[in-house]
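Residue numbers (this note's numbering), protein chains in the order written: chain A, 667 to 783; chain Z, 667 to 783. Here is the structure we will look at, set down as structure tokens.
Protein chains: 2
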Amino acid sequence: MTHFGDHLRQRREALRKTDRRYSLRQVAQRVGIEPAYLSKIERGDLRPPSEATTLRLASELGEDPDVLLAMAGKVSSDLQAIIRKRPKMFADLLRQLKQAPNHAILSVVREVRDGDW
Amino acid sequence: MTHFGDHLRQRREALRKTDRRYSLRQVAQRVGIEPAYLSKIERGDLRPPSEATTLRLASELGEDPDVLLAMAGKVSSDLQAIIRKRPKMFADLLRQLKQAPNHAILSVVREVRDGDW
DNA sequence: TGTCATGTATCGTATATACTACACATCTGG
DNA sequence: CCAGATGTGTAGTATATACGATACATGACA
Numbered sequence: 667m668t669h670f671g672d673h674l675r676q677r678r679e680a681l682r683k684t685d686r687r688y689s690l691r692q693v694a695q696r697v698g699i700e701p702a703y704l705s706k707i708e709r710g711d712l713r714p715p716s717e718a719t720t721l722r723l724a725s726e727l728g729e730d731p732d733v734l735l736a737m738a739g740k741v742s743s744d745l746q747a748i749i750r751k752r753p754k755m756f757a758d759l760l761r762q763l764k765q766a767p768n769h770a771i772l773s774v775v776r777e778v779r780d781g782d783w
Numbered sequence: 667m668t669h670f671g672d673h674l675r676q677r678r679e680a681l682r683k684t685d686r687r688y689s690l691r692q693v694a695q696r697v698g699i700e701p702a703y704l705s706k707i708e709r710g711d712l713r714p715p716s717e718a719t720t721l722r723l724a725s726e727l728g729e730d731p732d733v734l735l736a737m738a739g740k741v742s743s744d745l746q747a748i749i750r751k752r753p754k755m756f757a758d759l760l761r762q763l764k765q766a767p768n769h770a771i772l773s774v775v776r777e778v779r780d781g782d783w
């Protein structure tokens with residue numbers, strides 16, 4: 667499992683090969699953090715940043731927000747809000763689905779999307 | 667919507683009517699926190715405690731852990747871990763189910779429980 | 001070859017979280 | 001009526017979170 671920082675750096679340097687605007691400094695500036703801070707995060711010297719900053723990084727680097735948040739050890743606060751509104755319901759559901767294979771979950775998602783409840 | 671602290675106090679005093687062991691001080695002691703701390707929490711003077719302490723409170727007062735955590739503005743860390751392992755999957759699922767009525771979610775839960783994937 | 005950009009090292013800070021310790025007034029049961 | 005239990009006010013602390021500011025060495029490129 668590649669670390670959050672490693673992942674960021676790999677992604678950034680990949681983008682950089684075709685676009686010089688993806689230097690650490692320039693990315694940091696667009697994201698609104700200090701270059702030194704981003705440097706330490708990419709090298710795993712500091713822990714992943716806050717949810718807000720992680721989301722701006724995801725946007726900047728074209729990554730899926732939920733996936734990058736997961737790599738940062740977090741769960742999006744809007745997902746948490748959904749769970750908190752019906753805790754028993756969603757706690758049961760998630761624990762049921764914990765072991766389920768991806769295709770089973772996907773079929774549930776589709777079923778719900780198309781379902782006429 | 668009744669506040670976390672109000673809820674705790676109501677629950678504790680309800681139990682107390684039939685069992686003198688549910689004084690604030692004794693509950694605090696069994697839970698492993700200072701009485702003054704529990705007092706301020708029950709009155710909403712301080713924010714809800716940590717996940718660990720909230721879980722001990724739930725156990726002590728016979729409450730559902732996930733529900734009490736939700737009242738404390740939190741989501742159980744084991745649920746978060748489940749989501750973090752397959753972020754896209756579960757993020758999609760939860761956002762799909764956000765608006766779904768309870769009975770629809772319940773049927774999904776049952777379906778998964780009985781399902782032969 | 002000098003200048004500008006790059007990544008990084010060092011140091012420091014503001015804010016939030018999650019409590020403890022102690023003292024005190026009130027109340028209650030025997 | 002009084003000793004012990006009860007709830008609470010005040011003050012303080014330890015730790016984590018989430019960064020900023022500055023300076024510096026290296027490297028590219030014009």
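We treat Cβ as the ideally placed atom computed from N, Cα and C, and that holds for glycine. Because the structure is a prediction, the values reported are computed rather than measured.
Restricted to the stretch 714-761 of chain Z, the alpha helix (DSSP H) segments that are unbroken, complete and at least 4 residues in length are 717-727, 731-737, 743-751, listed in chain order. In the DSSP assignment, Z:P701 falls within the alpha helix (DSSP H) that extends over 701-708.
For A:G710, not one C-beta of chain Z is nearer than 8 Å to its own C-beta. Taking the Cβ atoms as the reference, Z:R722 lies roughly 7 Å from Z:G698, within the contact range of under 8 Å.
Looking at Z:L759, Z:D672, Z:R776, the one whose alpha-carbon comes closest to that of Z:L712 is Z:D672.
In this structure, Z:L763 keeps its C-beta atom at 8 Å or more from the C-beta atom of A:L760.
Residues of the stretch 674-685 of chain A with a C-beta atom less than 8 Å from some C-beta of chain Z do not occur.
Only buried fits Z:E708, as 16 or more other CB atoms lie within 10 angstroms of its CB. Residue state for Z:L712 is assigned as coil, using DSSP reduced to three classes.
No residue range can be given for Z:Q765, since it is assigned to no alpha helix (DSSP H) and is classified by DSSP as neither H nor E.
Excluding sequence positions up to five before and after Z:L735, its CB lies within less than 7 Å of the CB of E717, T720, V741, S742, all in the same chain and listed in chain order. Taking a contact to require three or more Cβ pairs closer than 8 Å, the stretch 746-758 of chain A and the stretch 764-775 of chain Z qualify as touching.
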